[in-house]
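> With our numbering as the guide, the letters of the sequence shown map in order to residues 142 to 670.
First the structure, then my questions, so here it is.
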Amino acid sequence: MAIFVHYLLILLISAVIFLLLRAYRLRRLRIPPGNLGLPFVGETLQLISAYKTENPEPFIDERAKRHGSVFTTHVFGEPTVFSADPETNRFILQNEGKLFECSYPGSISNLLGKHSLLLMKGNLHKRMHSLTMSFANSSIIKDQLLVDIDRLIQLNLDSWTDRILLMEAAKKITFELAVKQLMSFDPGEWSESLRKQYVLVIDGFFTIPLPLFSATYRRAIKARREVAEALSKIVKERREEYEKGERKNDMLGALLGGEWEEDQLSNEQIVDFMVALLVAGYETTSTIMTLAVKFLTQTPLALAQLKVSCWEMSGTDFKGKNHRTVVKLWDYVMGYVTTLESETYLIGQEEHDGIRLKKRGSEGLQWSDYKSMPFTQCVINETLRVANIISGVFRRTVTDVNIKGKLIFCALTGNSTRPGYTIPKGWKVFASFRAVHLDHDHFKDARTFNPWRWKNNNLGTSCSGNFYTPFGGGPRLCPGYELARVEISVFLHHLVTQFSWVPAEEDKLVFFPTTRTQKRFPINLQRRR
């Protein structure tokens with residue numbers, strides 16, 4: 142007993158000395174203001190409880206008001222500096238591999254695999270990031286991918302009933318697209334079985350990475366093994382075909398050969414890489430599809446303009462048409478009537494056929510059709526800004542890092558100063574994209590869905606400054622951002638031209654652990670004639 146008390150005292154004294162030394166060092170470094178919370182737990186419980194509310198950014202809102210846009214906290218077992226400042230976020234993103242390195246929770250790292258693009262570093266990451274971008278650029282999408290995107294989306298919509306869970310339907314679409322683009326597989330029992338395992342894997346991303354304490358994580362690990370086995374079998378078969386001279390022009394084909402001839406990737410590396418790409422192409426894009434429809438449903442005028450834009454793409458001119466004719470067309474577009482009289486029908490035929498009219502039969506959408514969807518791009522941009530599927534990124538400092546503080550005005554001297562802060566080596570930082578996107582200082586009525594804010598901004602594809610970063614930035618800019626835009630655009634086009642819909646139930650947004658709807662957004666559908 143005496144020995145136990147002796148060791149306990151030593152442990153307590155060591156802990157006190159450690160805390161005192163840490164406090165002294167932190168005061169000397171001038172870290173960003175904030176609160177480290179309770180020992181070990183920090184403010185993790187406050188973070189989790191805050192995001193269970195309907196407020197999209199309560200944790201950061203409260204602390205930014207108290208401490209400024211860059212503040213210190215302690216979450217998930219580590220001291221962490223949060224940034225809601227666009228300049229600081231850009232500094233973090235641009236200094237990836239220099240002052241910062243990627244750092245994610247253990248559950249995500251374990252489930253994606255050590256060879257996933259998300260966890261790669263250095264030259265290997267640069268090479269693989271470049272390879273991924275080369276298979277998702279505008280030229281490849283235009284010449285190779287668009288035809289399958291259009292075909293598979295239409296195939297899915299043809300199978301819809303009069304009531305669906307839109308989130309589930311969108312996930313099925315994006316998973317089938319990702320499998321086709323990566324491995325040239327059309328939808329079937331194999332891809333659907335793989336998708337069901339992926340659902341379990343993704344469920345484990347934000348859990349305690351200890352199988353003993355988390356049943357969800359146990360199921361995720363088991364599902365990840367099954368996914369890896371299924372993909373390993375495909376990789377092995379394709380490698381044998383490749384060595385016989387049989388080549389396919391897809392991502393797996395590029396991973397098996399090409400620039401890797403002298404330094405081939407192992408099957409394990411390829412499997413990890415593909416696991417992460419399937420997650421990226423499946424989860425985020427489907428969520429944006431769903432939330433775009435939800436926001437449009439809640440904003441009837443935006444939905445009406447999106448429908449009318451399908452006619453405007455053809456160059457249809459409403460000027461000079463009598464009021465009665467234009468109203469009839471508007472009623473048809475809005476779904477108030479299901480048929481068009483001849484005079485109204487001719488408006489859509491004038492100069493060029495409207496996309497909906499000229500695509501009768503088996504002809505699919507063309508690249509020129511996609512490039513003629515300006516308001517659709519506004520809708521996508523605004524959905525990305527409001528929803529923030531990727532709320533931000535975690536990084537870890539590789540050395541003590543100096544950053545600028547908040548600009549402070551002194552009324553006595555009339556001067557402004559910007560005191561600097563230091564983030565200690567080994568600390569985590571979180572660059573919050575959502576906090577910037579929802580800041581009224583950067584976007585007027587920032588928490589209101591307003592796609593028209595993008596109309597005069599280069600089709601809404603970029604934003605001046607560092608305020609708009611839905612796809613991240615720096616060396617880890619999302620390589621599939623253009624591909625995601627095309628898939629969402631094609632999906633919205635087919636949806637609004639073929640269906641009218643109403644929500645089947647009230648459904649709310651939740652923001653933890655990811656942005657999604659509580660009930661997977663059930664809707665009642667009616668096909669247009």
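Every residue gets a Cβ at the ideal spot worked out from N, C-alpha and C, and that includes glycine.
In this text the structure is predicted, and so the values were computed from the model without any measurement.
Identify every residue that forms a DSSP beta bridge with Gly-533.
In DSSP, Gly-533 forms a bridge with Ser-573.
> Let me know the alpha helix (DSSP H) ranges lying completely inside the region 301-361, each 4 residues or longer, listed in chain order.
Here the runs fully enclosed are 307-324 and 330-344.
> Using DSSP bridges, identify the partner residues of His-215.
Partner(s): Pro-220.
> So, Leu-318 versus Leu-293, is the Cβ gap smaller than 8 Å?
Yes; because the gap between Cβ atoms is below 8 Å, this pair is in contact.
> Is it buried or exposed for His-581, if we count other Cβ within 10 angstroms and need 16 for buried?
Result: exposed.
> Just verifying my parser: in three-state terms, what is the DSSP assignment at Val-449?
Val-449 falls in the helix class under three-state DSSP.
> Counting along the chain, where does the alpha helix (DSSP H) carrying Ile-233 start and finish?
Run containing Ile-233: 227-235, per the alpha helix (DSSP H) assignment.
> Taking all protein chains shown into account, decide if Met-195 is buried (16 or more other Cβ within 10 angstroms of its Cβ) or exposed.
What sits at residue 195 in the sequence shown is Glu, not Met. Exposed, since its Cβ has fewer than 16 Cβ neighbours within 10 Å.
> Let's see if you can read the secondary structure: which residues bound the alpha helix (DSSP H) around Val-288?
Unbroken alpha helix (DSSP H) run through Val-288: 287-299.
> From Glu-384 to Leu-397, what does the alpha carbon distance come to, in whole angstroms?
Glu-384 and Leu-397: Cα-Cα distance of roughly 9 Å.
> What number of angstroms, rounded off, separates the C-alpha of Met-308 from the C-alpha of Cys-243?
Whole-angstrom Cα-Cα distance: 30 Å.
> With 16 other CB atoms within 10 Å as the buried threshold, where does Gln-115 fall?
Absent from the structure is residue 115, since the part of the chain shown begins at 142 and ends at 670.
> Does the contact criterion of 3 or more C-beta pairs under 8 Å hold for the region 170-184 versus the region 205-215?
The region 170-184 vs the region 205-215: in contact.
> My output table needs one value for Asn-665: the three-state DSSP class, helix, strand or coil.
In this structure, Asn-665 counts as strand in the three-state DSSP scheme.
> Going by beta-carbon coordinates alone, are Ala-277 and Gly-621 separated by less than 8 Å?
A contact, by the Cβ cut-off of 8 Å.
> Would you say the region 269-284 touches the region 637-655, given that touching needs at least three Cβ pairs under 8 Å?
The region 269-284 vs the region 637-655: no contact.
> Is Thr-426 closer than 8 Å to Ala-625 when the C-beta atoms are compared?
Their beta carbons are under 8 Å apart, which means Ala-625 touches Thr-426 by this criterion.
> To the nearest angstrom, how far is it from the Cα of Arg-526 to the Cα of Phe-574?
Between Arg-526 and Phe-574, the C-alpha separation is close to 9 Å.
> Quick check on DSSP: helix, strand or coil for Tyr-562?
Here Tyr-562 sits in strand by DSSP.
> Please check the pair Leu-437 and Leu-447, which I expect to be a contact at CB under 8 Å, by giving their CB distance rounded to whole angstroms.
Yes, they are in contact, since the Cβ atoms of Leu-437 and Leu-447 sit about 6 Å apart, within 8 Å.
> DSSP three-state call for Thr-655: helix, strand or coil?
Thr-655 falls in the coil class under three-state DSSP.
> Name the two residues that bound the continuous alpha helix (DSSP H) containing Val-412.
Start and end: 408-420.
> Can you tell me whether Pro-592 is helix, strand or coil according to DSSP?
Helix, per DSSP.
> On the criterion of 16 or more Cβ atoms from any shown chain inside 10 Å, does Val-696 qualify as buried, or is it exposed?
What is shown of the chain runs 142 to 670, which leaves residue 696 out entirely.
> Would you grab the beta carbon distance between Ala-225 and Ala-205 for me? Rounded to a whole angstrom, and I think it's under 8 Å.
The Cβ separation is near 5 Å, so the contact holds.
> Could you tell me which of Glu-370, Gln-518, Asp-586 and Ala-576 sits nearest to Phe-632, measuring between CA atoms?
Checking every option, the nearest Cα to that of Phe-632 belongs to Gln-518.
> Buried or exposed for Pro-441, please, with buried defined as at least 16 other CB atoms from any protein chain shown within 10 angstroms of its CB.
Flag for Pro-441 reads exposed.
> Taking the alpha carbon of Val-539 as the reference point, which residue from Glu-219, Pro-565, Thr-524 and Ser-325 has its own alpha carbon closest?
Here the closest residue by C-alpha is Pro-565.
> Quick one: residues in its chain with C-beta nearer than 8 Å to the C-beta of Arg-668, no 5 flanking neighbours on either side, listed in chain order?
The answer, listed in chain order, is Gln-639 and Phe-640.
> Once DSSP output is grouped into helix, strand and coil, what is the label at Leu-393?
In the structure shown, Leu-393 sits in a helix (DSSP, three-state: H, G or I).
> Comparing C-alpha positions only, which one of Ile-531, Pro-199, Arg-336 and Asn-665 sits nearest to Phe-612?
If we check each option's Cα against that of Phe-612, Ile-531 comes out closest.
> For Phe-516, count the other beta carbons within 10 Å of its own beta carbon; 16 or more makes it buried, fewer makes it exposed. Which is it?
With 16 or more Cβ atoms within 10 Å of its Cβ, Phe-516 is classed as buried.
> In the DSSP assignment, what are the bridge partners of Gly-175?
For Gly-175, which the question treats as bridged, DSSP gives the partners Thr-213.
> Just to confirm, are Asn-230 and Thr-610 a CB contact at a threshold of 8 Å?
Contact: yes.
> In whole angstroms, what separates the C-alpha of Ala-421 from that of Val-342?
For Ala-421 and Val-342, the distance between alpha carbons rounds to 13 Å.
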